[in-house]
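Chemist: Just add 9 to wherever you are in the sequence shown, counting from 1, and you've got the numbering used here. Glycine included, each C-beta is placed from N, C-alpha and C at the ideal position. I have a structure I would like to understand better, so I am pasting it below and will then ask my questions one at a time.
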Amino acid sequence: MSSLGTLRAALLPVFAACALVGGYAGMYMSGVNGAIESSKNSAGRAVDPYISGGVHPFKNSYTGIRAIDDTLLVLVPFFAYILDTPQSWGIRVSFWYLMINFFAATSVIFLEGQRRGNAGRLVSWVGTVGFIFQNISYTIAGPIWTALYLFTSPIASPSVTANDVLPSDALEPKTLLLSNFLAYAVPAIGMLLPAHSVVSAETHYNWIATWQFFPVLYAISQFIFTRAFFTLGLFGSSSSKPQTGRSTLSTAVVYRTVLLITVTTHLTLLAVALTPATAIPAGWLPTLAKVFREVTFKSAFIPPDIFSPPSVDPKTIPADKLAPLTHFFLMWDVNIGNFALLLWAVYLRLVAGGEKGEEFSWTGVLTKTAGWSAVGGPIAAVAALLWERDEVLVRRAGHAGVGGKKRL
(Lines of atoms letter the chains of each structure in order from A; the text may use other names.)
(Lines give C-alpha, C1' and ligand atoms only; values in the text may rest on other atoms or scores of the structure.)
Protein backbone atom coordinates (compact mmCIF):
# COMPACT_ATOMS: atom_id res chain seq x y z
CA MET A 10 0.00 0.00 0.00
CA SER A 11 2.95 2.34 0.57
CA SER A 12 3.73 2.15 -3.15
CA LEU A 13 0.20 3.38 -3.91
CA GLY A 14 0.69 6.27 -1.53
CA THR A 15 3.92 7.14 -3.31
CA LEU A 16 2.19 6.93 -6.67
CA ARG A 17 -0.63 9.19 -5.51
CA ALA A 18 1.85 11.77 -4.24
CA ALA A 19 3.77 11.55 -7.52
CA LEU A 20 0.61 12.13 -9.55
CA LEU A 21 -0.03 15.50 -7.91
CA PRO A 22 2.85 17.32 -9.68
CA VAL A 23 2.01 15.44 -12.88
CA PHE A 24 -1.55 16.78 -12.77
CA ALA A 25 -0.17 20.25 -12.04
CA ALA A 26 2.13 19.94 -15.05
CA CYS A 27 -0.83 18.88 -17.22
CA ALA A 28 -2.76 21.97 -16.18
CA LEU A 29 0.24 24.23 -16.77
CA VAL A 30 1.17 22.80 -20.17
CA GLY A 31 -2.42 22.71 -21.37
CA GLY A 32 -3.09 26.17 -19.97
CA TYR A 33 -0.04 27.53 -21.75
CA ALA A 34 -0.93 25.90 -25.06
CA GLY A 35 -4.56 26.94 -24.84
CA MET A 36 -5.40 29.92 -22.68
CA TYR A 37 -2.06 31.73 -22.86
CA MET A 38 -1.36 31.16 -26.55
CA SER A 39 -4.87 32.30 -27.48
CA GLY A 40 -3.96 35.63 -25.95
CA VAL A 41 -0.72 36.05 -27.88
CA ASN A 42 -1.38 34.42 -31.26
CA GLY A 43 -4.13 36.84 -32.24
CA ALA A 44 -7.09 34.53 -31.57
CA ILE A 45 -8.75 36.63 -28.87
CA GLU A 46 -7.81 39.99 -30.36
CA SER A 47 -9.10 39.03 -33.81
CA SER A 48 -12.39 37.98 -32.22
CA LYS A 49 -12.70 41.33 -30.44
CA ASN A 50 -11.94 43.21 -33.66
CA SER A 51 -14.59 41.35 -35.65
CA ALA A 52 -17.29 39.59 -33.62
CA GLY A 53 -16.83 42.04 -30.77
CA ARG A 54 -17.56 45.14 -32.82
CA ALA A 55 -20.50 47.23 -31.63
CA VAL A 56 -21.59 47.90 -35.22
CA ASP A 57 -21.90 45.16 -37.85
CA PRO A 58 -20.09 42.37 -35.95
CA TYR A 59 -18.87 39.54 -38.17
CA ILE A 60 -16.76 36.40 -38.41
CA SER A 61 -14.20 36.65 -41.20
CA GLY A 62 -15.17 33.98 -43.72
CA GLY A 63 -17.99 32.85 -41.47
CA VAL A 64 -21.78 32.97 -41.39
CA HIS A 65 -23.31 36.43 -41.72
CA PRO A 66 -24.92 38.17 -39.94
CA PHE A 67 -23.18 37.36 -36.68
CA LYS A 68 -25.33 37.28 -33.55
CA ASN A 69 -23.78 39.03 -30.54
CA SER A 70 -26.65 38.96 -28.03
CA TYR A 71 -28.10 35.76 -26.55
CA THR A 72 -29.43 36.14 -23.02
CA GLY A 73 -29.62 39.87 -22.37
CA ILE A 74 -27.38 39.32 -19.34
CA ARG A 75 -24.15 41.16 -20.05
CA ALA A 76 -21.83 38.91 -18.03
CA ILE A 77 -23.09 35.80 -19.82
CA ASP A 78 -23.18 37.41 -23.26
CA ASP A 79 -19.63 38.74 -22.83
CA THR A 80 -18.46 35.18 -22.16
CA LEU A 81 -20.39 33.88 -25.15
CA LEU A 82 -18.78 36.56 -27.33
CA VAL A 83 -15.49 34.77 -26.65
CA LEU A 84 -16.73 31.18 -26.95
CA VAL A 85 -19.11 31.44 -29.92
CA PRO A 86 -16.58 33.03 -32.33
CA PHE A 87 -14.00 30.51 -31.12
CA PHE A 88 -16.17 27.61 -32.32
CA ALA A 89 -17.40 29.49 -35.38
CA TYR A 90 -13.77 29.70 -36.50
CA ILE A 91 -13.52 25.93 -36.83
CA LEU A 92 -17.12 25.33 -37.93
CA ASP A 93 -17.56 27.96 -40.62
CA THR A 94 -14.28 29.38 -41.93
CA PRO A 95 -12.16 27.84 -44.73
CA GLN A 96 -10.26 24.80 -43.48
CA SER A 97 -8.77 21.48 -44.51
CA TRP A 98 -10.41 18.12 -44.00
CA GLY A 99 -7.57 17.35 -41.61
CA ILE A 100 -8.83 20.04 -39.24
CA ARG A 101 -12.52 19.35 -39.80
CA VAL A 102 -12.29 15.60 -39.13
CA SER A 103 -9.98 16.09 -36.16
CA PHE A 104 -12.44 18.56 -34.62
CA TRP A 105 -15.33 16.12 -34.65
CA TYR A 106 -13.13 13.32 -33.36
CA LEU A 107 -12.19 15.56 -30.42
CA MET A 108 -15.84 16.46 -29.84
CA ILE A 109 -16.83 12.79 -29.71
CA ASN A 110 -13.96 12.05 -27.32
CA PHE A 111 -15.02 14.90 -25.08
CA PHE A 112 -18.58 13.56 -25.03
CA ALA A 113 -17.22 10.19 -23.89
CA ALA A 114 -15.02 11.84 -21.26
CA THR A 115 -17.90 13.88 -19.83
CA SER A 116 -20.05 10.74 -19.64
CA VAL A 117 -17.39 9.06 -17.49
CA ILE A 118 -17.03 12.14 -15.29
CA PHE A 119 -20.79 12.56 -14.88
CA LEU A 120 -21.00 8.92 -13.73
CA GLU A 121 -18.63 9.74 -10.87
CA GLY A 122 -21.18 12.16 -9.48
CA GLN A 123 -23.60 9.26 -8.97
CA ARG A 124 -21.41 6.95 -6.88
CA ARG A 125 -22.24 6.41 -3.22
CA GLY A 126 -18.69 7.05 -2.07
CA ASN A 127 -18.73 10.51 -3.64
CA ALA A 128 -22.12 11.57 -2.30
CA GLY A 129 -21.96 15.03 -0.75
CA ARG A 130 -18.35 15.57 -1.76
CA LEU A 131 -17.00 18.31 -3.99
CA VAL A 132 -15.98 15.83 -6.69
CA SER A 133 -19.63 14.82 -7.09
CA TRP A 134 -20.57 18.30 -8.30
CA VAL A 135 -19.95 17.24 -11.87
CA GLY A 136 -22.37 19.74 -13.38
CA THR A 137 -20.44 22.54 -11.73
CA VAL A 138 -17.11 21.03 -12.79
CA GLY A 139 -18.38 20.72 -16.35
CA PHE A 140 -19.43 24.35 -16.40
CA ILE A 141 -15.96 25.32 -15.16
CA PHE A 142 -14.52 23.22 -18.01
CA GLN A 143 -16.27 25.57 -20.40
CA ASN A 144 -14.84 28.67 -18.76
CA ILE A 145 -11.27 27.79 -17.82
CA SER A 146 -10.90 24.82 -20.20
CA TYR A 147 -10.88 21.06 -19.78
CA THR A 148 -7.09 20.93 -19.70
CA ILE A 149 -6.98 23.07 -16.53
CA ALA A 150 -10.16 22.02 -14.71
CA GLY A 151 -9.73 18.31 -15.52
CA PRO A 152 -6.37 17.81 -13.78
CA ILE A 153 -7.58 19.88 -10.81
CA TRP A 154 -10.65 17.65 -10.49
CA THR A 155 -8.64 14.42 -10.77
CA ALA A 156 -6.15 15.63 -8.14
CA LEU A 157 -8.97 16.63 -5.81
CA TYR A 158 -10.58 13.23 -6.38
CA LEU A 159 -7.46 11.26 -5.44
CA PHE A 160 -7.09 13.12 -2.16
CA THR A 161 -10.72 13.46 -1.06
CA SER A 162 -12.75 10.53 -2.40
CA PRO A 163 -12.93 7.20 -0.51
CA ILE A 164 -13.05 5.55 -3.94
CA ALA A 165 -9.38 6.50 -4.35
CA SER A 166 -8.51 4.83 -1.04
CA PRO A 167 -7.03 1.32 -0.68
CA SER A 168 -10.03 0.57 1.55
CA VAL A 169 -12.49 1.16 -1.30
CA THR A 170 -15.44 -1.24 -1.34
CA ALA A 171 -18.17 -2.19 -3.76
CA ASN A 172 -20.59 -0.03 -1.80
CA ASP A 173 -18.44 3.02 -2.57
CA VAL A 174 -18.47 2.58 -6.35
CA LEU A 175 -22.11 1.59 -6.81
CA PRO A 176 -24.47 4.44 -7.71
CA SER A 177 -26.64 5.95 -5.00
CA ASP A 178 -29.60 5.52 -7.32
CA ALA A 179 -29.74 2.53 -9.66
CA LEU A 180 -31.82 4.51 -12.14
CA GLU A 181 -29.47 7.44 -12.73
CA PRO A 182 -26.78 5.73 -14.84
CA LYS A 183 -29.53 4.53 -17.16
CA THR A 184 -30.70 8.09 -17.80
CA LEU A 185 -27.19 9.59 -17.88
CA LEU A 186 -26.56 8.86 -21.54
CA LEU A 187 -29.93 10.23 -22.61
CA SER A 188 -29.37 13.39 -20.57
CA ASN A 189 -25.88 13.90 -21.96
CA PHE A 190 -27.06 13.18 -25.50
CA LEU A 191 -29.72 15.88 -25.29
CA ALA A 192 -27.46 18.35 -23.51
CA TYR A 193 -24.24 17.76 -25.46
CA ALA A 194 -24.86 15.89 -28.71
CA VAL A 195 -28.06 17.60 -29.88
CA PRO A 196 -26.58 21.13 -29.79
CA ALA A 197 -23.37 19.77 -31.35
CA ILE A 198 -25.37 18.29 -34.23
CA GLY A 199 -27.26 21.58 -34.48
CA MET A 200 -23.95 23.43 -34.85
CA LEU A 201 -23.12 21.20 -37.80
CA LEU A 202 -26.27 22.04 -39.78
CA PRO A 203 -25.42 24.29 -42.74
CA ALA A 204 -26.41 27.91 -42.16
CA HIS A 205 -28.81 29.57 -44.62
CA SER A 206 -29.46 26.35 -46.59
CA VAL A 207 -30.82 24.39 -43.59
CA VAL A 208 -30.99 26.80 -40.64
CA SER A 209 -30.82 30.57 -40.35
CA ALA A 210 -27.66 32.37 -39.28
CA GLU A 211 -29.33 33.23 -35.99
CA THR A 212 -30.25 29.60 -35.31
CA HIS A 213 -26.74 28.51 -36.21
CA TYR A 214 -25.20 30.80 -33.62
CA ASN A 215 -27.90 29.90 -31.09
CA TRP A 216 -26.86 26.24 -31.37
CA ILE A 217 -23.21 27.15 -30.77
CA ALA A 218 -24.20 29.23 -27.74
CA THR A 219 -26.50 26.50 -26.39
CA TRP A 220 -23.72 23.91 -26.51
CA GLN A 221 -21.60 26.03 -24.16
CA PHE A 222 -24.13 25.32 -21.39
CA PHE A 223 -24.25 21.54 -21.85
CA PRO A 224 -23.12 20.75 -18.25
CA VAL A 225 -26.01 22.80 -16.86
CA LEU A 226 -28.41 21.32 -19.39
CA TYR A 227 -27.20 17.85 -18.42
CA ALA A 228 -27.89 18.47 -14.73
CA ILE A 229 -31.39 19.75 -15.51
CA SER A 230 -32.16 16.88 -17.89
CA GLN A 231 -30.87 14.29 -15.45
CA PHE A 232 -33.03 15.69 -12.66
CA ILE A 233 -36.13 15.64 -14.86
CA PHE A 234 -35.59 12.23 -16.48
CA THR A 235 -34.70 10.38 -13.29
CA ARG A 236 -37.81 11.59 -11.52
CA ALA A 237 -40.07 11.20 -14.52
CA PHE A 238 -38.92 7.64 -15.24
CA PHE A 239 -39.26 6.70 -11.58
CA THR A 240 -42.79 8.10 -11.50
CA LEU A 241 -43.70 6.24 -14.70
CA GLY A 242 -42.06 3.03 -13.49
CA LEU A 243 -39.61 2.89 -16.39
CA PHE A 244 -36.23 1.11 -16.04
CA GLY A 245 -37.31 -0.49 -12.79
CA SER A 246 -36.90 0.85 -9.29
CA SER A 247 -35.07 4.03 -8.35
CA SER A 248 -34.87 3.08 -4.70
CA SER A 249 -31.80 4.20 -2.80
CA LYS A 250 -31.74 0.86 -0.98
CA PRO A 251 -28.88 -1.44 -1.92
CA GLN A 252 -29.49 -3.05 -5.32
CA THR A 253 -25.99 -4.17 -6.04
CA GLY A 254 -26.53 -6.36 -9.06
CA ARG A 255 -28.92 -4.00 -10.78
CA SER A 256 -26.76 -0.97 -10.00
CA THR A 257 -23.66 -2.62 -11.39
CA LEU A 258 -25.40 -3.53 -14.62
CA SER A 259 -26.67 0.02 -14.98
CA THR A 260 -23.15 1.48 -14.75
CA ALA A 261 -22.03 -0.99 -17.41
CA VAL A 262 -24.40 0.69 -19.86
CA VAL A 263 -22.28 3.83 -19.66
CA TYR A 264 -19.03 1.91 -20.09
CA ARG A 265 -20.35 -0.06 -23.07
CA THR A 266 -21.48 3.09 -24.82
CA VAL A 267 -18.22 4.91 -24.19
CA LEU A 268 -16.24 1.95 -25.51
CA LEU A 269 -18.48 1.64 -28.56
CA ILE A 270 -18.19 5.26 -29.67
CA THR A 271 -14.50 5.69 -28.83
CA VAL A 272 -13.30 2.46 -30.44
CA THR A 273 -15.49 2.95 -33.52
CA THR A 274 -14.41 6.54 -34.16
CA HIS A 275 -10.77 5.91 -33.25
CA LEU A 276 -10.34 2.92 -35.56
CA THR A 277 -12.22 4.66 -38.37
CA LEU A 278 -10.04 7.77 -38.13
CA LEU A 279 -6.93 5.63 -37.79
CA ALA A 280 -7.85 3.74 -40.97
CA VAL A 281 -8.40 6.98 -42.89
CA ALA A 282 -5.19 8.52 -41.58
CA LEU A 283 -3.05 5.49 -42.47
CA THR A 284 -4.58 4.82 -45.89
CA PRO A 285 -2.39 6.25 -48.67
CA ALA A 286 -4.10 9.02 -50.61
CA THR A 287 -3.22 7.17 -53.82
CA ALA A 288 -5.52 4.32 -52.76
CA ILE A 289 -8.51 6.52 -53.61
CA PRO A 290 -8.51 7.60 -57.27
CA ALA A 291 -8.94 11.37 -57.59
CA GLY A 292 -11.61 10.94 -60.23
CA TRP A 293 -13.74 8.71 -58.01
CA LEU A 294 -15.70 10.65 -55.39
CA PRO A 295 -13.44 13.75 -55.38
CA THR A 296 -14.51 14.81 -51.88
CA LEU A 297 -13.64 11.41 -50.42
CA ALA A 298 -10.29 11.45 -52.19
CA LYS A 299 -9.62 14.86 -50.69
CA VAL A 300 -10.44 13.57 -47.21
CA PHE A 301 -7.90 10.75 -47.51
CA ARG A 302 -5.35 13.16 -48.93
CA GLU A 303 -5.68 15.78 -46.19
CA VAL A 304 -6.26 13.59 -43.11
CA THR A 305 -2.94 12.27 -41.81
CA PHE A 306 -1.88 10.56 -38.61
CA LYS A 307 -0.27 13.82 -37.50
CA SER A 308 -3.33 15.99 -38.19
CA ALA A 309 -5.62 13.48 -36.50
CA PHE A 310 -3.74 12.51 -33.36
CA ILE A 311 -0.64 14.65 -32.75
CA PRO A 312 -1.08 18.11 -31.18
CA PRO A 313 0.67 20.86 -33.18
CA ASP A 314 4.07 22.14 -32.05
CA ILE A 315 3.46 24.01 -28.81
CA PHE A 316 6.38 26.35 -29.53
CA SER A 317 5.26 27.15 -33.06
CA PRO A 318 1.51 27.77 -32.85
CA PRO A 319 -0.58 29.13 -35.70
CA SER A 320 -1.21 32.86 -35.56
CA VAL A 321 -3.34 35.51 -37.24
CA ASP A 322 -2.97 39.21 -37.88
CA PRO A 323 -5.78 40.70 -35.74
CA LYS A 324 -6.01 43.72 -38.02
CA THR A 325 -6.54 41.99 -41.36
CA ILE A 326 -8.00 38.73 -39.96
CA PRO A 327 -7.57 36.46 -43.02
CA ALA A 328 -10.33 33.85 -42.96
CA ASP A 329 -8.09 30.89 -43.77
CA LYS A 330 -5.96 31.52 -40.66
CA LEU A 331 -8.77 31.20 -38.12
CA ALA A 332 -9.67 27.48 -38.01
CA PRO A 333 -6.08 26.44 -37.15
CA LEU A 334 -6.25 28.67 -34.05
CA THR A 335 -9.21 26.78 -32.60
CA HIS A 336 -7.82 23.43 -33.72
CA PHE A 337 -4.51 24.14 -31.95
CA PHE A 338 -6.34 25.00 -28.73
CA LEU A 339 -8.64 21.97 -28.80
CA MET A 340 -5.90 19.48 -29.67
CA TRP A 341 -3.96 20.46 -26.57
CA ASP A 342 -7.03 21.00 -24.42
CA VAL A 343 -8.71 17.64 -25.04
CA ASN A 344 -5.57 15.51 -25.28
CA ILE A 345 -3.99 16.86 -22.09
CA GLY A 346 -7.32 16.63 -20.25
CA ASN A 347 -7.79 13.04 -21.43
CA PHE A 348 -4.24 12.14 -20.38
CA ALA A 349 -4.92 13.36 -16.84
CA LEU A 350 -8.15 11.36 -16.78
CA LEU A 351 -6.27 8.27 -17.96
CA LEU A 352 -3.71 8.55 -15.15
CA TRP A 353 -6.57 8.94 -12.68
CA ALA A 354 -8.28 5.79 -13.98
CA VAL A 355 -5.05 3.77 -13.84
CA TYR A 356 -4.59 4.76 -10.20
CA LEU A 357 -8.18 3.84 -9.30
CA ARG A 358 -7.77 0.45 -10.96
CA LEU A 359 -4.51 -0.20 -9.09
CA VAL A 360 -6.07 0.81 -5.77
CA ALA A 361 -8.89 -1.71 -6.21
CA GLY A 362 -6.45 -4.59 -6.70
CA GLY A 363 -7.50 -8.02 -7.92
CA GLU A 364 -9.98 -10.66 -6.96
CA LYS A 365 -9.22 -13.03 -4.12
CA GLY A 366 -7.07 -15.91 -5.29
CA GLU A 367 -6.18 -14.26 -8.60
CA GLU A 368 -2.83 -12.85 -9.57
CA PHE A 369 -2.82 -9.08 -9.88
CA SER A 370 0.04 -6.98 -11.17
CA TRP A 371 0.66 -3.40 -12.13
CA THR A 372 2.16 -4.66 -15.38
CA GLY A 373 -1.14 -6.25 -16.34
CA VAL A 374 -3.02 -3.00 -15.72
CA LEU A 375 -0.51 -0.98 -17.74
CA THR A 376 -0.62 -3.50 -20.60
CA LYS A 377 -4.40 -3.34 -20.68
CA THR A 378 -4.21 0.47 -20.60
CA ALA A 379 -1.87 0.52 -23.58
CA GLY A 380 -4.01 -1.95 -25.51
CA TRP A 381 -7.27 -0.09 -25.08
CA SER A 382 -5.56 3.24 -25.79
CA ALA A 383 -4.26 1.82 -29.07
CA VAL A 384 -7.67 0.68 -30.30
CA GLY A 385 -9.89 3.37 -28.81
CA GLY A 386 -7.83 6.21 -27.44
CA PRO A 387 -7.32 7.16 -23.78
CA ILE A 388 -11.00 7.45 -22.88
CA ALA A 389 -11.62 3.89 -24.07
CA ALA A 390 -8.91 2.78 -21.66
CA VAL A 391 -10.51 4.85 -18.89
CA ALA A 392 -13.87 3.15 -19.41
CA ALA A 393 -12.33 -0.33 -19.60
CA LEU A 394 -10.31 0.14 -16.41
CA LEU A 395 -13.20 1.57 -14.38
CA TRP A 396 -15.60 -1.11 -15.61
CA GLU A 397 -13.19 -3.84 -14.57
CA ARG A 398 -12.60 -2.09 -11.24
CA ASP A 399 -16.33 -1.96 -10.50
CA GLU A 400 -16.86 -5.63 -11.25
CA VAL A 401 -13.79 -6.77 -9.32
CA LEU A 402 -15.01 -4.98 -6.21
CA VAL A 403 -18.55 -6.31 -6.57
CA ARG A 404 -17.43 -9.91 -7.12
CA ARG A 405 -14.97 -9.66 -4.27
CA ALA A 406 -17.74 -8.54 -1.96
CA GLY A 407 -19.90 -11.44 -3.10
CA HIS A 408 -22.81 -9.30 -4.27
CA ALA A 409 -25.57 -11.30 -5.92
CA GLY A 410 -26.94 -10.76 -9.39
CA VAL A 411 -23.72 -9.75 -11.12
CA GLY A 412 -22.49 -13.07 -12.35
CA GLY A 413 -19.01 -14.47 -12.36
CA LYS A 414 -18.13 -13.99 -16.02
CA LYS A 415 -15.53 -11.33 -16.69
CA ARG A 416 -16.44 -8.69 -19.23
CA LEU A 417 -12.93 -7.47 -19.99
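Reducing DSSP to helix, strand and coil, say where P176 ends up.
Modeler: In this structure, P176 counts as strand in the three-state DSSP scheme.
Chemist: Going by the DSSP bridge assignment, what does A204 pair with across the sheet?
Modeler: V208
Chemist: Counting only the same chain and skipping the five closest in sequence on each side, list residues whose C-beta sits under 6 Å from that of S246.
Modeler: No answer about S246 holds up, because its pLDDT of 48 lies below 50 and its placement is not dependable.
Chemist: Can you give the beta carbon distance from T305 to G99, rounded, assuming they're within the 8 Å contact cut?
Modeler: 6 Å
Chemist: Thinking C-beta only, is I289 closer than 7 Å to F88?
Modeler: no
Chemist: Consult DSSP for R17 and reduce its assignment to one of helix, strand or coil.
Modeler: helix
Chemist: Between the Cα of E121 and the Cα atoms of P333, L283, G139, A18, which residue gives the shortest distance?
Modeler: Checked all of P333, L283, G139, A18; the closest Cα to E121 is G139.
Chemist: Please classify P203: is it buried, with 16 or more other beta-carbons within 10 angstroms of its beta-carbon, or exposed?
Modeler: With fewer than 16 Cβ atoms within 10 Å of its Cβ, P203 is classed as exposed.
Chemist: Taking the alpha helix (DSSP H) that Q231 falls in, what are its first and last residues?
Modeler: 223–241
Chemist: Bridge partners for R124 per DSSP, in chain order?
Modeler: DSSP, once it has assigned bridges, lists P176 as partnering R124.
Chemist: Going by DSSP in three states, G380 sits in which element: helix, strand or coil?
Modeler: helix
Chemist: At which residue ranges does the stretch 45–102 contain complete alpha helix (DSSP H) runs of 4 or more residues, listed in the order of the chain?
Modeler: Considered as a whole, the stretch 45–102 harbours 75–93 as its complete alpha helix (DSSP H) runs of no fewer than 4 residues, in chain order.
Chemist: Are the stretch 264–282 and the stretch 93–110 touching, with three or more C-beta to C-beta distances below 8 Å?
Modeler: Flag = yes, the stretch 264–282 and the stretch 93–110 touch.
Chemist: One question on the structure: do S61 and I326 come within less than 7 Å of each other, judged by their Cβ atoms?
Modeler: Yes, these two residues count as a Cβ contact at 7 Å.
Chemist: Measure the alpha-carbon distance for L159 versus V272 and round it to whole angstroms.
Modeler: 27 Å
Chemist: Taking the CB atoms as reference points, tell me whether P182 and V263 lie closer together than 7 Å.
Modeler: V263 sits close to P182, with the two beta carbons spaced by under 7 Å.
Chemist: Straight-line CA distance for M38 to A383?
Modeler: 30 Å
Chemist: Work out the CA separation of E367 and R302 for me, nearest whole Å.
Modeler: 49 Å
Chemist: Taking only the alpha-carbon atoms, compute the straight-line gap between T137 and V321 and give it to the nearest angstrom.
Modeler: If you take the alpha carbons of T137 and V321, they lie about 33 Å apart.
Chemist: Starting from the Cα of P313, find the closest Cα among H336, A328, W293 and give me that residue.
Modeler: It is H336 whose Cα lies nearest to the Cα of P313.
Chemist: Quick check on Y33: buried or exposed, where buried means 16 or more other Cβ atoms within 10 Å of its Cβ?
Modeler: exposed
Chemist: Counting pairs of Cβ atoms below 8 Å between the stretch 214–230 and the stretch 348–368, do you hit three or more?
Modeler: The stretch 214–230 makes no contact with the stretch 348–368: fewer than 3 CB pairs, one atom from each, lie closer than 8 Å.
Chemist: What do you get for R398, buried or exposed, if any count of 16 or more other CB atoms within 10 angstroms of its CB means buried?
Modeler: Residue environment: R398 is assigned as buried (16 or more neighbouring CB atoms within 10 Å of its CB, all protein chains considered).
Chemist: Consult DSSP for V321 and reduce its assignment to one of helix, strand or coil.
Modeler: coil
Chemist: Quick one: is N144 buried, meaning 16 or more other Cβ sit within 10 Å of its Cβ, or exposed?
Modeler: exposed
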